[in-house]
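Novice:
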Amino acid sequence: MREIILILYFFIVVIVGFISFGQIKNNKDFFIAGKNAGVYQVAGSLLASILGSSAILGSVDFAYDVGWAGSWLMLCGALGLLILYPLTKFIKNFQGYNLPDLLGNFYGEEVQRISSFIIPIAWLGIVASQIMGAAKIITIISTFTYIEGVWLSGFVFIVYTILGGQFSIIKTDIIQLIFILLGLLVVFFYISSEPLTKEALPLINHKFGYIDLLVMILTYSTTYIVGPDIYSRLFCAKNEKTMKMSILIAIVVLIPLGFILAKLGIYGAEMFTDVGKNSVLLMIADSKLPNILSFLLYLALLSAVISSADTTLLTASSLFTQGLIKNLKSEKAVFISRVLTAAFGVGAIIIALKMKYILSTLLMALTIYSGAFIIPTFVGMFGYRARKEVVITAIVVGGFVATLGKYYPGNTGKYIAIAAFILNGLILYFGKKLVK
């Protein structure tokens, strides 16, 4: 019965894509939903994109290991949005479609093009983490294997995104967000009735210290301040007021949600002595919840997967398209983006088959991006300008060093990640002085 419902769910998603396909009139509809979205559409889409399966399952798994410190993932996201709030004045009149367009305005066409090629590579890891989350859900509610779940969910994401583009994404995200929040809240209140016998670790503890928090802020919070998916939501807004209200709503939701997800992870630590490679939240659903609640949670998580994966996949394909043809307003931009959506989707599927852990896959992708692009974009908003050679060097060196840090265990890797930001900033500062 569950398999039938699963197939029906995916079938409905694809049908929505087909319906949206007929409603797309031009490139503006496909890439930024006509730039006419209201507060609830932008806020709903922003939150639905943030709350992918990788973030939800990853937060719960994280809290299983580190206690209340697991809430920092959502709290750091809220911190990033809080810093972004006053920065909307720098992007309110922007007429482009994405973040590389913004970088092009700051530093020239060459920087725009290299950004359009590098960011999609990092974003493949984020799409893969969503597919991994979907596959784990599928293995629990059906007889499909993990590999079959990866291919099935990946195929649905690809088809839905190719057909609907941004137009369908922003219109359906608010519905998916309702499913996400409803499922998580129902489960939270259900498990809250069971008292815990062990005291959970505090927000800062021996498993998650201040250096860990600093690295998370640098590699995670900053992607909310300057992030392709975040900006793709804001660029759909009809005005600055809509942008600001949407950001505030997202912050108000993320802060309590961080503690709710941490509580679920702490509950899992109380219930299970060893989870192995399994997701803690999915184990709670499978063994501790009544059938109706577990099904509601699975539906919420599938909604989380779809709402985040389609946005990320479209971002990756549209950016790469821009790198190839320079202008997303070109007549052939939508066609090329759809072809690349298929290519990137298959690439994400392959990564999902190779990687083992959802959160590590997500943070790997965000670390590569943040080390390369956060500082150049941030200082560019405040009027910093430099020659293309300087900016490109900062992007390449910062991204490479940040990636290197993920391959070293313990504090060594964390210090390398911090060094990536320092090197990026130093290259921009001294490069401007040396290269005239």
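The C-terminal residue of the sequence shown carries number 479 in the working numbering, and the numbering is unbroken.
Note that the Cβ used here is the ideal one computed from N, Cα and C, for glycine as well.
Predicted model only: the values in this text are computed from it and were never measured.
Would you say the stretch 314 to 334 touches the stretch 92 to 108, given that touching needs at least three Cβ pairs under 8 Å?
Specialist: Yes, since at least three Cβ pairs between the stretch 314 to 334 and the stretch 92 to 108 fall closer than 8 Å, the two stretches touch.
Novice: Can you say whether residue 458 is buried or exposed, counting buried as having 16 or more other CB atoms within 10 angstroms of its CB?
Specialist: Walking along the sequence shown from the start, residue 458 turns up at place 415. Exposed, by the Cβ-count rule.
Novice: What residues are listed by DSSP as bridge partners for residue 370?
Specialist: Here residue 370 corresponds to residue number 327 of the sequence shown, with the count starting at 1. Partner(s): none; residue 370 has no beta bridge.
Novice: Looking at residue 269: is its Cβ nearer than 8 Å to the Cβ of residue 460?
Specialist: On the sequence shown, position 226 is the one that residue 269 refers to. On the sequence shown, position 417 is the one that residue 460 refers to. No, they are not a contact pair.
Novice: Can you tell me which of the three DSSP states residue 334 falls into?
Specialist: Within the sequence shown, numbered from 1, the residue matching residue 334 stands at position 291. If DSSP states are grouped into helix, strand and coil, residue 334 belongs with the helices.
Novice: Pick helix, strand or coil for residue 248, following the three-state DSSP scheme.
Specialist: Start at 1 with the first residue of the sequence shown, and residue 248 comes out as number 205. Residue state, collapsed to three classes: strand.
Novice: Quick check: what's the CA-CA separation for residue 371 versus residue 250?
Specialist: Counted from its first residue, the sequence shown places residue 371 at position 328. Counted from its first residue, the sequence shown places residue 250 at position 207. Cα-Cα distance, rounded: 46 Å.
Novice: Along the chain, where does the alpha helix (DSSP H) containing residue 84 start, and where does it finish?
Specialist: One-based indexing of the sequence shown puts residue 84 at position 41. 82 to 93 is the extent of the alpha helix (DSSP H) around residue 84.
Novice: How is residue 280 classed by DSSP in three states: helix, strand or coil?
Specialist: The residue given as residue 280 occupies position 237 in the sequence shown. Residue 280: strand per DSSP, three-state reduction.
Novice: What would DSSP say about residue 67, mapped onto helix, strand or coil?
Specialist: To locate residue 67, count along the sequence shown from 1; it is residue 24. Looking at residue 67 - three-state DSSP - the assignment turns out to be coil, as it is neither helix nor strand.
Novice: Taking the straight line between their C-alpha atoms, what separation do you get for residue 266 and residue 314?
Specialist: For the purposes of this step, residue 266 is taken as residue 223 along the sequence shown, with counting starting at 1. For the purposes of this step, residue 314 is taken as residue 271 along the sequence shown, with counting starting at 1. Approximately 34 Å, taken between the alpha carbons.
Novice: Could you check where the alpha helix (DSSP H) with residue 233 kicks off and where it finishes?
Specialist: Position 190 of the sequence shown holds residue 233. Element bounds for residue 233: 189 to 234.
Novice: Under the three-state reduction of DSSP, which class applies to residue 315: helix, strand or coil?
Specialist: In the sequence shown, the residue the question calls residue 315 occupies position 272. In this structure, residue 315 counts as coil in the three-state DSSP scheme.
Novice: Going by DSSP, what residue range makes up the alpha helix (DSSP H) through residue 163?
Specialist: The sequence position of residue 163 within the sequence shown is 120, counting from 1. Start and end: 152 to 184.
Novice: Quick check on DSSP: helix, strand or coil for residue 386?
Specialist: Residue numbering aside, residue 386 sits at position 343 when the sequence shown is read from its first letter. Of the three classes helix, strand and coil, the one that applies to residue 386 here is helix, per DSSP.
Novice: In three-state DSSP terms, what is residue 429?
Specialist: By one-based count along the sequence shown, residue 429 stands at place 386. Residue 429 falls in the coil class under three-state DSSP.
Novice: Using C-beta distances below 6 Å, list every residue in its chain close to residue 192, excluding the 5 sequence neighbours before and after it, in chain order.
Specialist: Residue numbering aside, residue 192 sits at position 149 when the sequence shown is read from its first letter. Only 178, 181, 182 meet the Cβ criterion.
Novice: Is residue 70 buried or exposed, if buried means 16 or more other CB atoms sit within 10 Å of its CB?
Specialist: Residue 70 sits at position 27 when you count from the first residue of the sequence shown. Flag for residue 70 reads buried.
Novice: Taking the C-alpha atoms as reference points, what is the distance between residue 444 and residue 260?
Specialist: The sequence position of residue 444 within the sequence shown is 401, counting from 1. The sequence position of residue 260 within the sequence shown is 217, counting from 1. In a straight line, the C-alpha of residue 444 is about 17 Å away from that of residue 260.
Novice: Can you give me the Cβ contacts of residue 241 inside the same chain, cut-off strictly under 8 Å, excluding the 5 residues immediately before and after it?
Specialist: Within the sequence shown, numbered from 1, the residue matching residue 241 stands at position 198. Around residue 241: 312, 313.
Novice: Quick check: the Cα distance between residue 281 and residue 80, rounded to an integer number of angstroms?
Specialist: For the purposes of this step, residue 281 is taken as residue 238 along the sequence shown, with counting starting at 1. For the purposes of this step, residue 80 is taken as residue 37 along the sequence shown, with counting starting at 1. Cα to Cα, the separation comes out at about 6 Å.
Novice: Are residue 352 and residue 173 closer than 8 Å when you measure CB to CB?
Specialist: The count along the sequence shown starts at 1 and reaches residue 352 at position 309. The count along the sequence shown starts at 1 and reaches residue 173 at position 130. Yes.
Novice: Could you check the C-alpha separation between residue 340 and residue 426 for me, to the nearest Å?
Specialist: Translated into the one-based positions of the sequence shown, residue 340 becomes position 297. Translated into the one-based positions of the sequence shown, residue 426 becomes position 383. If you take the alpha carbons of residue 340 and residue 426, they lie about 46 Å apart.
Novice: Once you ignore the five residues that flank residue 296 on each side, which residues in its own chain have a CB closer than 8 Å to its CB?
Specialist: Locating residue 296 in the sequence shown gives position 253, where the first residue counts as 1. For residue 296, where only same-chain residues beyond five positions count, the Cβ hits under 8 Å are 90, 224.
Novice: For residue 355, does the count of other Cβ atoms within 10 angstroms reach 16, so buried, or fall short, so exposed?
Specialist: In the sequence shown, residue 355 corresponds to position 312, counting from 1. Burial call: buried.
Novice: What number of angstroms, rounded off, separates the C-alpha of residue 309 from the C-alpha of residue 344?
Specialist: For the purposes of this step, residue 309 is identified with residue 266 of the sequence shown, where counting begins at 1. For the purposes of this step, residue 344 is identified with residue 301 of the sequence shown, where counting begins at 1. Computed Cα separation, rounded: 19 Å.
Novice: Three-state secondary structure (DSSP) at residue 480?
Specialist: Residue numbering for the chain in the displayed model covers 44 to 479; residue 480 lies beyond these limits and cannot be assessed.
Novice: Reducing DSSP to helix, strand and coil, say where residue 275 ends up.
Specialist: Residue mapping note: residue 275 aligns to position 232 of the sequence shown, counting from 1. Reduced to three states, the DSSP call for residue 275 is helix.
Novice: Smallest Cα separation from residue 336: which of 222, 130, 211, 165?
Specialist: The residue given as residue 336 occupies position 293 in the sequence shown. Residue 336 has its Cα closest to that of 222, out of 222, 130, 211, 165.
Novice: First and last residue of the alpha helix (DSSP H) that includes residue 131?
Specialist: To locate residue 131, count along the sequence shown from 1; it is residue 88. First-last of the alpha helix (DSSP H) with residue 131: 131 to 134.
Novice: Closer than 8 Å by C-beta to residue 456: which residues in its own chain qualify, once you throw out the five before and the five after it? Chain order, please.
Specialist: One-based indexing of the sequence shown puts residue 456 at position 413. Counting only Cβ-Cβ distances below 8 Å, and skipping sequence neighbours, we find 448, 449, 450.
Novice: Relative to the alpha-carbon of residue 474, which residue among 442, 114, 271, 431 has its alpha-carbon at the smallest distance?
Specialist: Within the sequence shown, residue 474 is the residue found at index 431, counting from 1. Checking every option, the nearest Cα to that of residue 474 belongs to 431.
Novice: Determine contact between the stretch 144 to 161 and the stretch 356 to 370, defined as no fewer than three beta-carbon pairs at a distance below 8 Å.
Specialist: Counting Cβ pairs under 8 Å, three or more are found: they touch.
Novice: Check residue 486 in the structure and name its three-state DSSP category.
Specialist: Only positions 44 to 479 of the chain appear in this structure, which leaves residue 486 out of reach.
Novice: Please check the pair residue 434 and residue 419, which I expect to be a contact at CB under 8 Å, by giving their CB distance rounded to whole angstroms.
Specialist: Position 391 of the sequence shown, counted from the start, is the residue given in the question as residue 434. Position 376 of the sequence shown, counted from the start, is the residue given in the question as residue 419. About 6 Å; that satisfies the 8 Å criterion.
Novice: Helix or strand or just coil, what does DSSP make of residue 322?
Specialist: To locate residue 322, count along the sequence shown from 1; it is residue 279. It is coil, neither helix nor strand.
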